[in-house]
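Novice:
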Amino acid sequence: MDPVTAALAVFALMLAVLASGMWVFLALATAAAVSLFAFMGFPPDRIGAIASRIIVRSASSWELAAVPMFIWMGEIMFRTDISERLYKGLAPLVSKIPGGLLHTNVLGSTLFAAVSGSSAATTATVGRITTNELSRRGYSQSLALGSLAGAGSLGLLIPPSIVLIIYGVLAEVSIAKLFIAGIMPGLMIAAFYAFYLAVRCYVSPELAPKGEIDAEDARAGAIFRNLAPVLGLIAVVLGSIYTGWATPSEAAAIGVFAALMFAGLSGQLSRTMLRHSMTNALKTSCMVCSILMCAAFLSSAIGYMHIPRNIALAIDALGLSPLVLIALLAVFYIILGFFLDGISIIVMSLPITLPVVVAAGFDPIWFGIFLVIMIELGLMTPPVGFNLFVIQSISGEPIHRVAAYATPFFLLMCLAGLLMVFFPAIALWLPSVLG
């Protein structure tokens with residue numbers, strides 16, 4: 005069987021198993037086992053030995069310790085008043101800019117992304133405050149919900165990012181460098197969104213009516229107090245990583261401690277809150293880690309079949325330019341985003357695409373950031389756009405209307421991905437300086 009046919013057969017098998025309704029981790033393990041049995045002729049006992057060895061090794065990865073910690077930190081923050089404080093602190097800073105309080109979606113999501121690591125948590129936490137406030141003040145519903153859909157996806161790109169941790173583990177690259185590489189692209193996309201909102205509202209002022217800001221909230225001391233929890237967590241988590249004082253996993257634990265301290269000092273820490281945050285974090289962590297372990301098994305199965313090496317040789321024989329290759333991969337990932345979540349996209353495709361991309365001369369750190377941007381695009385596209393579902397639950401708007409509102413921000417993120425291709429230094433300059 006030629007390499008392209010073998011890759012398509014394995015991918016079709018994964019999609020078929022997923023379409024049956026089977027859990028993702030079981031689907032990955034099933035696809036790996038069936039591939040080894042059907043295409044390689046391995047007996048069941050050898051397949052079991054390979055699976056057990058790979059799964060145990062993956063489960064023992066120290067880098068994965070960061071995943072449950074960052075998830076727990078996000079759960080703690082979600083159950084505090086940090087989003088309300090964030091809104092009150094940002095509102096006086098943006099009220100005079102064209103677009104006014106619409107910018108709280110962009111700035112609030114950008115800041116909260118730097119402590120949550122999750123797009124869904126960022127969208128839900130920021131949206132539950134800003135959506136009601138913007139609607140009450142008469143702001144454009146399309147811009148309010150569209151900017152939330154776009155900016156909420158930054159939770160995957162701006163560090164600390166759970167998806168970047170997963171990519172780093174699977175691609176065997178530095179997670180700290182991935183975190184550094186995500187800063188400038190994330191800020192660039194946030195700047196695009198803010199600029200778009202300002203221009204739209206400058207041309208059509210009725211989209212963002214002027215409103216009064218509470219005089220008490222507008223005082224410098226009040227602004228600092230309201231922004232201090234988020235800024236403090238950012239400084240603690242990212243500062244400990246970039247100064248070399250802690251690894252990403254250790255920084256995640258420090259972040260959880262800081263979040264608990266904030267909840268306790270603000271009087272919001274209770275047994276009920278602690279139990280609910282730990283329970284949800286445990287469920288999510290088990291889901292993510294089980295997918296990663298089975299993805300490692302699938303990666304090994306694909307390696308046994310020599311699919312990555314053979315595909316790389318086949319593509320090299322076609323003589324495709326690097327730009328054509330990355331354009332095809334971009335379309336491929338956007339299509340996958342219509343149907344799959346980000347973690348599934350990474351673990352299913354990376355064993356095949358990463359060797360090809362590296363062979364074409366692309367830096368794996370750069371490709372990790374580019375891949376996350378492609379995944380973020382999927383968060384804004386139906387039928388499986390998670391950000392759209394979160395916003396639908398918050399606002400009550402139909403999913404197709406939320407998707408339409410998000411379209412301009414989808415296109416702006418496409419522009420960011422295009423600029424990344426032509427100017428790789430957007431992602432690679434900062435790691436080269438700080439790494």
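Just add 4 to the spot in the sequence shown (first one is 1) and you have this note's numbering.
No residue lacks a Cβ here, since even glycine has one placed at the ideal position from N, Cα and C.
1) From Val328 to Leu354, what does the alpha carbon distance come to, in whole angstroms?
2) Quick one: is Glu380 buried, meaning 16 or more other Cβ sit within 10 Å of its Cβ, or exposed?
3) What span of residues does the alpha helix (DSSP H) with Gln396 cover, start to end?
4) Rounded to a whole number of angstroms, what is the C-alpha to C-alpha distance between Leu174 and Ser244?
5) In chain order, what residues of the same chain lie with their CB nearer than 6 Å to the CB of Ala37, ignoring the 5 residues before and after it?
6) Output needed for Thr34: all residues of its chain with C-beta closer than 6 Å, excluding positions within five of it in sequence on either side, in chain order.
7) Alpha carbon to alpha carbon, how far is Glu88 from Trp27?
8) Where does Trp433 fall in DSSP's three states?
9) In the DSSP assignment, find the unbroken alpha helix (DSSP H) run with Thr283 in it and report its ends.
10) Which residue comes first and which comes last in the alpha helix (DSSP H) that contains Val203?
11) Compare the beta carbon distance of Phe74 and Ala420 with 8 Å and say whether it is the shorter of the two.
12) For Ala117, report the span of its alpha helix (DSSP H) as first-last.
13) Among Ala410, Trp370 and Phe413, whose alpha-carbon lies nearest the alpha-carbon of Ala431?
14) On the criterion of 16 or more Cβ atoms from any shown chain inside 10 Å, does Trp249 qualify as buried, or is it exposed?
15) Just how far apart, CA to CA, sit Val167 and Leu12?
16) Go to Tyr91, then tell me how far its alpha helix (DSSP H) extends in each direction, as first and last residue.
17) If you draw a straight line from the alpha carbon of Leu115 to that of Leu322, how long is it in whole angstroms?
18) If you drop the 5 nearest sequence neighbours on each side, which residues of the same chain put their C-beta closer than 6 Å to that of Phe342?
19) Can you tell me where the alpha helix (DSSP H) holding Glu380 begins and where it ends?
20) Please check the pair Ile347 and Val292, which I expect to be a contact at CB under 8 Å, by giving their CB distance rounded to whole angstroms.
21) Taking Gln272 as part of the alpha helix (DSSP H), name the residues at either end of that continuous run.
22) So, under 8 Å CB-CB, Ile395 and Gly131 are touching, yes? Tell me the CB distance rounded to an integer number of Å.
23) With 16 other CB atoms within 10 Å as the buried threshold, where does Cys205 fall?
24) With 16 as the cutoff for other CB atoms within 10 Å, does Gly45 come out buried or exposed?
25) Considering only C-alpha positions, which residue in the set Leu40, Ala212, Leu158 and Gly172 is nearest to Pro368?
26) Could you give the first and the last residue of the continuous alpha helix (DSSP H) run that contains Pro485?
27) So which of Gly103, Ala255 and Arg223 has the shortest CA-CA distance to Ala198?
28) Is the distance from the Cβ of Ala124 to the Cβ of Phe413 below 8 Å?
29) Drop a sphere of 10 angstroms on the beta-carbon of Asn136, count the other beta-carbons inside from all chains shown, and report buried for 16 or more, exposed for fewer.
30) Let me know if Cys298 comes out buried or exposed under the rule of 16 or more other beta-carbons within 10 Å of its beta-carbon.
31) Would you grab the beta carbon distance between Ala212 and Tyr143 for me? Rounded to a whole angstrom, and I think it's under 8 Å.
32) Kindly give me the distance between the Cβ atoms of Gly159 and Ala117, rounded to whole angstroms, as I take these residues to be in contact under 8 Å.
Specialist: By the coordinates alone:
1) For the purposes of this step, residue 328 is taken as residue 324 along the sequence shown, with counting starting at 1. For the purposes of this step, residue 354 is taken as residue 350 along the sequence shown, with counting starting at 1. Spanning the two alpha carbons is a distance of roughly 18 Å.
2) Counted from its first residue, the sequence shown places residue 380 at position 376. Result: buried.
3) By 1-based counting over the sequence shown, the position of residue 396 is 392. It spans Phe390 to Ser399 - the alpha helix (DSSP H) in which Gln396 sits, taken as one unbroken run.
4) What you label residue 174 is simply residue 170 of the sequence shown in a count that begins at 1. What you label residue 244 is simply residue 240 of the sequence shown in a count that begins at 1. Rounded to whole angstroms, Leu174 to Ser244 spans 24 Å at the Cα level.
5) For this step, residue 37 is matched to residue 33 along the sequence shown. Same-chain partners within the cutoff: Ile51.
6) Counting from 1 along the sequence shown, the entry for residue 34 is found at position 30. The residues are Val21.
7) The count along the sequence shown starts at 1 and reaches residue 88 at position 84. The count along the sequence shown starts at 1 and reaches residue 27 at position 23. The alpha-carbon atoms of Glu88 and Trp27 are separated by roughly 36 Å.
8) Residue 433 sits at position 429 when you count from the first residue of the sequence shown. If DSSP states are grouped into helix, strand and coil, Trp433 belongs with the helices.
9) Taking the sequence shown and counting its residues from 1, one reaches residue 283 at position 279. Counting along the chain, the alpha helix (DSSP H) containing Thr283 begins and ends at Arg275 to Tyr308.
10) Here residue 203 refers to the residue found at position 199 of the sequence shown. Segment Ile187 to Val207, the alpha helix (DSSP H) holding Val203.
11) Start at 1 with the first residue of the sequence shown, and residue 74 comes out as number 70. Start at 1 with the first residue of the sequence shown, and residue 420 comes out as number 416. No, the Cβ-Cβ distance between Phe74 and Ala420 is not below 8 Å.
12) For this step, residue 117 is matched to residue 113 along the sequence shown. Run containing Ala117: His107 to Ser120, per the alpha helix (DSSP H) assignment.
13) Taking the sequence shown and counting its residues from 1, the one referred to as residue 431 is at position 427. Looking at the Cα atoms, Trp370 is the closest of the given residues.
14) Counted from its first residue, the sequence shown places residue 249 at position 245. Answer is exposed; the Cβ neighbour count stays below 16.
15) On the sequence shown, position 163 is the one that residue 167 refers to. On the sequence shown, position 8 is the one that residue 12 refers to. Whole-angstrom Cα-Cα distance: 25 Å.
16) The count along the sequence shown starts at 1 and reaches residue 91 at position 87. Where Tyr91 is concerned, the enclosing alpha helix (DSSP H) stretches over Ile86 to Val98.
17) Counted from its first residue, the sequence shown places residue 115 at position 111. Counted from its first residue, the sequence shown places residue 322 at position 318. Near 44 Å, if we compare the C-alpha coordinates of Leu322 and Leu115.
18) Indexing the sequence shown from 1 puts residue 342 at position 338. Thr385.
19) Mapped onto the sequence shown, residue 380 falls at position 376. From DSSP, the alpha helix (DSSP H) with Glu380 extends over Pro368 to Gly382.
20) Sequence index remark: in the sequence shown, residue 347 carries index 343 (1-based). Sequence index remark: in the sequence shown, residue 292 carries index 288 (1-based). About 6 Å; that satisfies the 8 Å criterion.
21) Position 268 of the sequence shown, counting from 1, holds the residue named residue 272. No alpha helix (DSSP H) holds Gln272; DSSP gives it neither H nor E.
22) Position 391 of the sequence shown, counted from the start, is the residue given in the question as residue 395. Position 127 of the sequence shown, counted from the start, is the residue given in the question as residue 131. About 6 Å separates the two Cβ atoms, so the contact holds.
23) Locating residue 205 in the sequence shown gives position 201, where the first residue counts as 1. That one is buried.
24) Position 41 of the sequence shown, counted from the start, is the residue given in the question as residue 45. Exposed.
25) In the sequence shown, the residue the question calls residue 368 occupies position 364. Among Leu40, Ala212, Leu158 and Gly172, the Cα nearest to that of Pro368 is on Gly172.
26) Within the shown structure, residues of the chain are numbered from 5 to 439, placing residue 485 beyond reach of any answer.
27) Sequence index remark: in the sequence shown, residue 198 carries index 194 (1-based). Ranking the options by Cα distance to Ala198, first place goes to Gly103.
28) Taking the first residue of the sequence shown as 1, we reach residue 124 at position 120. Taking the first residue of the sequence shown as 1, we reach residue 413 at position 409. No, these two residues do not count as a Cβ contact at 8 Å.
29) Position 132 of the sequence shown holds residue 136. Counting Cβ neighbours within 10 Å, Asn136 comes out exposed, since fewer than 16 surround it.
30) Looking up residue 298 in the sequence shown gives position 294. Cys298 comes out buried.
31) Position 208 of the sequence shown, counted from the first residue, corresponds to residue 212. Position 139 of the sequence shown, counted from the first residue, corresponds to residue 143. Yes, they are in contact, since the Cβ atoms of Ala212 and Tyr143 sit about 6 Å apart, within 8 Å.
32) Counted from its first residue, the sequence shown places residue 159 at position 155. Counted from its first residue, the sequence shown places residue 117 at position 113. So it is a contact: roughly 4 Å between Cβ atoms.
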